[in-house]
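In this note's numbering, the protein residues as written are 2 to 226.
Below: the structure, in structure tokens.
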Amino acid sequence: MNPVNHVAIIMDGNGRWGIKHKQSRNAGHKVGLNTVQMVINQCINQKIKYLTLYTFSSENWKRPKNEIIFLFNLLENFLRKKINKLIKSDIKLKFIGELNKLPIKLQTLIRLSEKKTKNNNSLQVNIALNYGSKNELINSIKMIKLKKILLNEVNIDNNLYTKNIPNPELLIRTGNTQRLSNFLLWQLAYTEIFFEKKLWPDFSDKDFKRILNKFKNIKRNFGSI
Ligand code: IPE
Ligand code: IPE
Ligand code: MG
Numbered sequence: 002m003n004p005v006n007h008v009a010i011i012m013d014g015n016g017r018w019g020i021k022h023k024q025s026r027n028a029g030h031k032v033g034l035n036t037v038q039m040v041i042n043q044c045i046n047q048k049i050k051y052l053t054l055y056t057f058s059s060e061n062w063k064r065p066k067n068e069i070i071f072l073f074n075l076l077e078n079f080l081r082k083k084i085n086k087l088i089k090s091d092i093k094l095k096f097i098g099e100l101n102k103l104p105i106k107l108q109t110l111i112r113l114s115e116k117k118t119k120n121n122n123s124l125q126v127n128i129a130l131n132y133g134s135k136n137e138l139i140n141s142i143k144m145i146k147l148k149k150i151l152l153n154e155v156n157i158d159n160n161l162y163t164k165n166i167p168n169p170e171l172l173i174r175t176g177n178t179q180r181l182s183n184f185l186l187w188q189l190a191y192t193e194i195f196f197e198k199k200l201w202p203d204f205s206d207k208d209f210k211r212i213l214n215k216f217k218n219i220k221r222n223f224g225s226i
């Protein structure tokens, strides 16, 4: 049985869910938050130590302004409303991405949320926000040059946003789309990938458990036989 320590998720399909239900794309984002809560609860139940959620990509700035603002407001409200519950559940929050490009108010809240949860350790939830994998890699290599250290695998790892976080064993992408969209390209080198047809708001605890069970029985070769 393969152990699961780190699950990464590309939470895709909110916009289509909203339209499908004769509502706005933004309504889909709001309902998608329920699935986030479900996945967090499941990770705690299953004793998974790391959960990484793709929340806003460095390419998502191409979206209409009203949708971008809605997404940031949604995250802000989530952090404000849920922070005490997260602390109680012993959850540590970590944000990965180019955070200094985000609205100042959100940056302040991010720092506060990280600070308030920094000593928790049942589950670490990494929120990828204004995250782009290619840029993360370029920055890592720039840091290596600046520090005048060897360009090798360990040093690249140690200069990524995900420093000290083990690579995900499992990646799930909902929304019936089979691509990585600039997410954790380096870290996913040996990850098992599950592409799910369901849109993110429809993704259920049953679906999550089915994937975890399937993952546990995969023969992971890592190049061996
Ligand atoms: C959520 O899904 C991902 C985010 C960028 C927040 P989408 O908003 O991409 O939904 P679809 O793919 O357009 O349906
Ligand atoms: C990836 O979804 C980003 C997030 C889930 C935050 P997108 O919907 O932005 O991906 P593309 O543009 O379809 O590849
Ligand atoms: Mg999408």
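Glycine residues also receive a C-beta, built at the ideal position from the N, C-alpha and C atoms.
Using the rule of at least 16 other Cβ atoms within 10 Å of the residue's Cβ for burial, across every protein chain shown, is residue i buried or exposed?
i	result
residue 223	exposed
residue 12	buried
residue 179	exposed
residue 62	exposed
residue 65	exposed
Can you tell me whether DSSP reads residue i as helix, strand or coil?
i	result
residue 95	strand
residue 227	Nothing can be reported for residue 227, as the shown portion of the chain is limited to 2 through 226.
residue 110	helix
residue 185	coil
residue 59	coil
residue 200	coil
residue 103	coil
Can you name the start and end residues of the beta strand (DSSP E) that residue i belongs to?
i	result
residue 8	7-11
residue 131	124-132
residue 173	171-174
If I follow the unbroken alpha helix (DSSP H) through residue i, where does it start and stop?
i	result
residue 81	66-89
residue 213	206-217
residue 34	26-46
residue 15	15-21
residue 157	154-159
ask   = Are the segment 103-114 and the segment 70-80 in contact at 8 Å, needing three or more beta carbon pairs?
value = yes
inquiry  = Count Cβ pairs between the segment 82-92 and the segment 152-164 that sit closer than 8 Å; are there 3 or more?
reply    = no
query = Within the chosen definition, does the segment 193-209 reach the segment 161-173 through at least 3 CB pairs nearer than 8 Å?
reply = yes
message = With three or more beta-carbon pairs closer than 8 Å as the criterion, would you say the segment 94-101 touches the segment 126-144?
response = yes
ask   = On the three-pair Cβ rule with 8 Å, is the segment 215-222 touching the segment 37-56?
value = no
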